[in-house]
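**Student:** Provided herewith is a single structure, encoded as structure tokens, for subsequent inquiry.
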Amino acid sequence: MLEDHYLLINGNIISMDGRDNRYEAMAVENGRILRVGANDDMADLAEAGWPVTDLKGKTVLPGFIDTHQHLGLTGQVLNGIDFQGTRTLRTVFEKVREAATIAAPGAWVLGYTLNDFSLEEGRMPIKEELDAVCADNPVMIVHSSWHMCALNSLALEILAPPADLPGMDLKPNGEPTGVVRDPGAPDFIFPAVSTRTPVEVKLASFRKACEAALKQGITTLHCLEGGGFGPGDTRIVHDNLDKLPVNVVLWNQVMDVDETVGMGLTRIGGCICADGAIDAYTAALFEPYLNQPGNRGTLNFTQEEMDAFVLASHKAGLQVAVHCETDRAIEQVLSAMEKAIAAYPRADHRHRIEHCEIPTVDQVERMGRAGILAGMQPAFIHYLVDMEDYEKRFGWDRLRWMHPYRTMLDNNVIMTGGSDCPVTPHGPLTGIQTAVLHPIEEERLTPMEAIRMFTIDAAYSAFDEANRGSIEPGKIADLVILSADPTEVPPETIREIKIVKTVVEGKPVEDPRDGPAA
61 MLEDHYLLIN GNIISMDGRD NRYEAMAVEN GRILRVGAND DMADLAEAGW PVTDLKGKTV
121 LPGFIDTHQH LGLTGQVLNG IDFQGTRTLR TVFEKVREAA TIAAPGAWVL GYTLNDFSLE
181 EGRMPIKEEL DAVCADNPVM IVHSSWHMCA LNSLALEILA PPADLPGMDL KPNGEPTGVV
241 RDPGAPDFIF PAVSTRTPVE VKLASFRKAC EAALKQGITT LHCLEGGGFG PGDTRIVHDN
301 LDKLPVNVVL WNQVMDVDET VGMGLTRIGG CICADGAIDA YTAALFEPYL NQPGNRGTLN
361 FTQEEMDAFV LASHKAGLQV AVHCETDRAI EQVLSAMEKA IAAYPRADHR HRIEHCEIPT
421 VDQVERMGRA GILAGMQPAF IHYLVDMEDY EKRFGWDRLR WMHPYRTMLD NNVIMTGGSD
481 CPVTPHGPLT GIQTAVLHPI EEERLTPMEA IRMFTIDAAY SAFDEANRGS IEPGKIADLV
541 ILSADPTEVP PETIREIKIV KTVVEGKPVE DPRDGPAA
């Protein structure tokens, strides 16, 4: 399969072409799909000497597309301490102590994906605890939501956050605990740490993140870069696209329209956070959290600020995406988009609301009417959602509309599939399985509907459906070869399907490997 032209035969090729066509064979030439059909339809090419690969019944899908992830943050996590699955603070401290013993003098000790609700202690570590295991290197531990972190004393000394930084937890005497939440964590702490990272280190981590995605069958990454989470990262990615081994759809994660247009980009936003995160109790709600009656979360912008940003972006012809976890933030951004579309009608804007985790039914209906897409991350349910805990926060009447996939489809809302990596790992098969086994049965998708989120509908969300997202003649040969058919295996085993090979623009980029896909 290393040649510029070859045949794949005896396969189960699921085209995702909208007509449920499946094929047995396909021909690839110069990185594009030349022909699809039965084995016999390739006979003339085989006779002409085209190399042939026998798939032996394996399944072929269009290469997966992850429409919401962060190269910069993912690269950081891959190079830091991974706290995924950690259950006690004792384990946290052991990992920090171990990392500190091999860290260079003055180097940051960085840890990621710590979920305080998964810890026996139910809280983030405080600075004195981190000082006890690492006093001579600055330490930052990032919460799994990326909306909260914990710092040791040296990190606080280096970063010197203002005493009145919003979101900074304080002791009764006014001294920082070392824990920083929204909005101070993403607005101040994360950019301050990012700007201390050399460009060459960032580039290496970007590539490492791409290579991790390839192992999951992903051939296109929507890269939401820049802004507070990584100042200047959009420019670094933009200037080094030829050094990255996947197709990149680049979002400038800022509110600067002139900068975005000046870079020649056509899309703006991503994790421009209209609100915070459910896990940090900062996602913005119409009604308070049931277990925190005085807390309705955090809106990070006024309605006037959001209206002005969306209008300016829309008027400039940009595609807009904004982070909104729950109903009050969704309302702010949805109404801003509705106003902009009404003022400057544009039938094919394809604006997106990212996460959209607990909308109201009215909001879903309005999104469908306005042609606003939903950038969803089904794996959030798998990795982050404890239904019993969520019911304590929201009550069943609100929780019933969590990730309302079926309701969205019924209202013509096109959904795209992402991971928000590093919040959850790259892994479209995990996302597909989760959407099929949604804990709220009324919102479950069929396997084909779930696959669309990570293929043709994802391509549509980038105005790229003419080139990618389905297996049809003339399209780019971005493919993933699977060990089994996601539409035929028991749903609870979809994420166990192996990625046999990932193909980007006709060229295989991964050797066969053992082990599950996610």
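Going by our numbering, the first residue of the sequence shown is number 61, and it counts up by one from there.
Idealized CB from N, CA, C, for every residue including glycine.
1) Would you say the region 281-291 touches the region 314-331, given that touching needs at least three Cβ pairs under 8 Å?
2) Using the DSSP secondary-structure output, state which residues sit across from Lys-561 in a beta bridge.
3) If the criterion is Cβ atoms closer than 7 Å, does the pair Gln-357 and Leu-345 meet it?
4) How is Asn-307 classed by DSSP in three states: helix, strand or coil?
5) Just the C-alpha distance for Ile-249 and Met-86, rounded to the nearest angstrom, thanks.
6) Just curious, the alpha helix (DSSP H) that Tyr-349 is in, first and last residue?
7) Examine the Cβ distances between the region 85-104 and the region 527-541 and report whether three or more of them are shorter than 8 Å.
8) What is the DSSP secondary structure of Met-61, counted as helix, strand or coil?
9) Taking DSSP as the reference, what is the three-state secondary structure of Gln-144?
10) Assuming the contact rule is C-beta atoms closer than 8 Å, His-128 and Asp-387 should be a hit. Round their C-beta distance to whole Å, please.
11) Can you give me the start and stop residues for the beta strand (DSSP E) that Arg-327 sits inside?
12) For the region 447-504, list the beta strand (DSSP E) runs that are entirely contained and at least 3 residues long, ordered along the chain.
13) Touching or not, the region 136-156 and the region 303-312, by the rule of three or more beta carbon pairs under 8 Å?
14) Could you say if the region 514-527 and the region 167-178 meet the contact criterion of at least three C-beta pairs nearer than 8 Å?
15) Assuming Arg-95 is part of the beta strand (DSSP E), what are its boundary residues?
16) For Lys-268 and Ile-125, I'd like the C-alpha separation in whole angstroms.
17) Since Leu-459 and Phe-266 should fall inside the 8 Å C-beta cutoff, what is the C-beta to C-beta distance between them, to a whole number of angstroms?
18) From the DSSP output, which residues share a beta bridge with Glu-285?
19) Can you tell which of Gln-437, Leu-350, Ile-541 and Pro-305 has its C-alpha closest to the C-alpha of Lys-452?
20) Jot down the residue ranges of each uninterrupted beta strand (DSSP E) in the region 181-266, minimum 3 residues, whole runs only, in chain order.
21) So, for Leu-219: in the same chain, excluding its five sequence neighbours on each side, which residues have a beta-carbon less than 6 Å away from its beta-carbon?
22) To the nearest angstrom, how far is it from the Cα of Arg-147 to the Cα of Val-202?
**Tutor:** Answer, in terms of the structure:
1) yes
2) Ile-541.
3) Looking at the sequence itself, residue 357 is Gly, so the reference to Gln does not match. A contact, by the Cβ cut-off of 7 Å.
4) Note: Asn-307 maps to strand in three-state DSSP.
5) 50 Å
6) It is not in any alpha helix (DSSP H) - Tyr-349 carries neither H nor E in the DSSP assignment.
7) Yes, the region 85-104 is in contact with the region 527-541.
8) Low confidence applies to Met-61: its pLDDT is 47, below 50, so where it sits in the model is not reliable enough to give any reading.
9) coil
10) Going by Cβ atoms, the distance from His-128 to Asp-387 rounds to 20 Å, so no, they are not a contact pair.
11) 327-333
12) 475-477
13) Contact fails: fewer than three Cβ-Cβ distances are below 8 Å.
14) no
15) 92-97
16) 17 Å
17) Contact doesn't hold; Cβ gap of about 37 Å is too wide.
18) Asn-312
19) Leu-350
20) 199-203, 209-211, 228-230 and 236-240
21) Ala-252
22) 15 Å
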